[in-house]
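Be aware that the sequence shown starts at 16, since it is given in this note's numbering, and climbs by one per residue.
Have a look at the structure below before the remarks.
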Amino acid sequence: MFPQSVVDFYAANQELLWLTTLFVDLGFTVLLYRLFGKAGLQVAIAVAILLANLQGPKLTVIFGLQTSLGVIFYSSIFFATDMLSENYGKAAANKAVRMGFAVSVIVLVMLSLALLYLPSDKPGTAAFSASVHDAFATIVNFTPRFIFGSLLAYYISQHFDVWAFHKIKSVTGDRWLWLRNNLSPMSSQVVDTVIYSLVTWWGIVDLETALALGAAKYLFKVVIAMIDTVFLYWARHMHRLRQGAAQTAG
16 MFPQSVVDFY AANQELLWLT TLFVDLGFTV LLYRLFGKAG LQVAIAVAIL LANLQGPKLT
76 VIFGLQTSLG VIFYSSIFFA TDMLSENYGK AAANKAVRMG FAVSVIVLVM LSLALLYLPS
136 DKPGTAAFSA SVHDAFATIV NFTPRFIFGS LLAYYISQHF DVWAFHKIKS VTGDRWLWLR
196 NNLSPMSSQV VDTVIYSLVT WWGIVDLETA LALGAAKYLF KVVIAMIDTV FLYWARHMHR
256 LRQGAAQTAG
């Protein structure tokens with residue numbers, strides 16, 4: 016998909032690739048919100064949870080720490096949920112959490128059904144079909160455990176995040192968006208990371224490695240929460256402009 020020069024550049028600069036991916040992911044979330052409003056955020060959550068589950072098994076090393084690629088996409092779910100909480104309220108955020116949960120279950124069932132289909136054995140395509148099937152099987156066979164772990168962690172931590180966000184907002188009012196955008200994810204991500212690491216990784220790797228992966232994942236999530244604060248202020252500004260335009264038109 017990318018020119019070889021780009022591939023070579025990012026192969027030598029993995030940390031920059033991580034930052035690029037993060038900014039692109041958050042940018043797409045804001046773009047979906049700008050184009051489609053509340054529905055765009057709901058779509059962003061569904062897309063992020065799909066990407067996080069499908070790419071969760073891929074491990075990489077960033078800043079010397081081994082982590083799952085899915086951490087970027089999963090963290091953006093908290094960002095989108097906080098945007099919903101800030102602009103549309105607790106009920107809208109919790110509804111999006113339940114929608115994301117339903118999407119994960121549907122994907123798990125449909126991917127499992129797809130794997131039951133045998134690859135084509137027709138001359139000329141048999142080798143290609145078998146290689147694609149094997150690659151697909153590697154991801155899908157890994158997916159149920161990762162989805163179960165992420166579903167459990169997602170459902171508990173996301174509801175906690177929404178609760179914490181509004182609890183802080185009840186104290187601070189409309190001020191200090193940066194505070195609730197950082198404190199609520201940081202606390203809920205502890206819950207998410209512990210559940211996900213133990214359910215998903217422990218057994219595939221030893222407990223020490225599972226906890227190390229979880230600690231690295233949490234560190235990245237904290238950094239992401241701080242970075243996405245800028246995007247959250249941007250999204251709130253767009254929301255207020257949209258409200259002002261609607262009142263003027265009305």
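The beta carbon of each residue, even a glycine, is placed where N, CA and C say it ideally should be.
{"Asked": "Could you have a look at residue 83 and say whether DSSP puts it in helix, strand or coil?", "Found": "strand"}
{"Asked": "Could you tell me how far apart the beta carbons of residue 94 and residue 44 are, in whole angstroms, since I believe they sit closer than 8 Å?", "Found": "6 Å"}
{"Asked": "With DSSP as the reference, identify every bridge partner of residue 220, one or two as the case may be.", "Found": "217"}
{"Asked": "Skipping 5 residues on each side, what residues in its chain have a beta carbon closer than 6 Å to that of residue 207?", "Found": "168 and 172"}
{"Asked": "Just tell me which of 126, 22, 236 and 214 has its CA closest to the CA of residue 85.", "Found": "236"}
{"Asked": "Specify, as a first and last residue, the run of the alpha helix (DSSP H) that residue 46 falls within.", "Found": "29-51"}
{"Asked": "Does the stretch 57-69 come close enough to the stretch 94-107 that 3 or more CB-CB pairs lie under 8 Å?", "Found": "yes"}
{"Asked": "Within 10 angstroms of the Cβ of residue 121, are there 16 or more other Cβ atoms? Answer buried if so, exposed if not.", "Found": "exposed"}
{"Asked": "Can you tell me which of 179, 209, 163 and 203 puts its alpha carbon nearest to the alpha carbon of residue 230?", "Found": "209"}
{"Asked": "According to DSSP, is residue 140 helix, strand or coil?", "Found": "coil"}
{"Asked": "Run the CB neighbour count on residue 223, radius 10 Å, all protein chains shown included, and call it buried at 16 or more, exposed below.", "Found": "exposed"}
{"Asked": "Starting from the C-beta of residue 90, find all residues in its chain whose C-beta is less than 6 Å away, skip the five residues before and the five after it, and write them out in chain order.", "Found": "236 and 239"}
{"Asked": "Work out the CA separation of residue 197 and residue 54 for me, nearest whole Å.", "Found": "24 Å"}
{"Asked": "Mind checking which residues open and close the alpha helix (DSSP H) that includes residue 126?", "Found": "105-130"}
{"Asked": "Can you tell me the Cα-Cα spacing of residue 194 and residue 212, whole angstroms?", "Found": "27 Å"}
{"Asked": "Taking the alpha carbon of residue 185 as the reference point, which residue from 81, 46, 47 and 104 has its own alpha carbon closest?", "Found": "104"}
{"Asked": "Does DSSP put residue 99 in a helix, in a strand, or in coil?", "Found": "helix"}
{"Asked": "For residue 108, collect the residues of the same chain with a Cβ closer than 7 Å to its Cβ; drop the 5 residues on either side in sequence, then sort them by chain order.", "Found": "96, 99, 100 and 177"}
{"Asked": "Assuming residue 133 is part of the alpha helix (DSSP H), what are its boundary residues?", "Found": "Element bounds for residue 133: n/a, residue is neither H nor E."}
{"Asked": "Roughly how many angstroms separate the alpha carbons of residue 175 and residue 147, rounded to a whole number?", "Found": "39 Å"}
{"Asked": "Excluding the 5 residues flanking residue 203 on each side, which residues of the same chain have their C-beta closer than 8 Å to its C-beta?", "Found": "93, 172, 173, 175, 176 and 179"}
{"Asked": "Relative to the C-alpha of residue 256, which candidate in 241, 102 and 234 has its C-alpha closest?", "Found": "102"}
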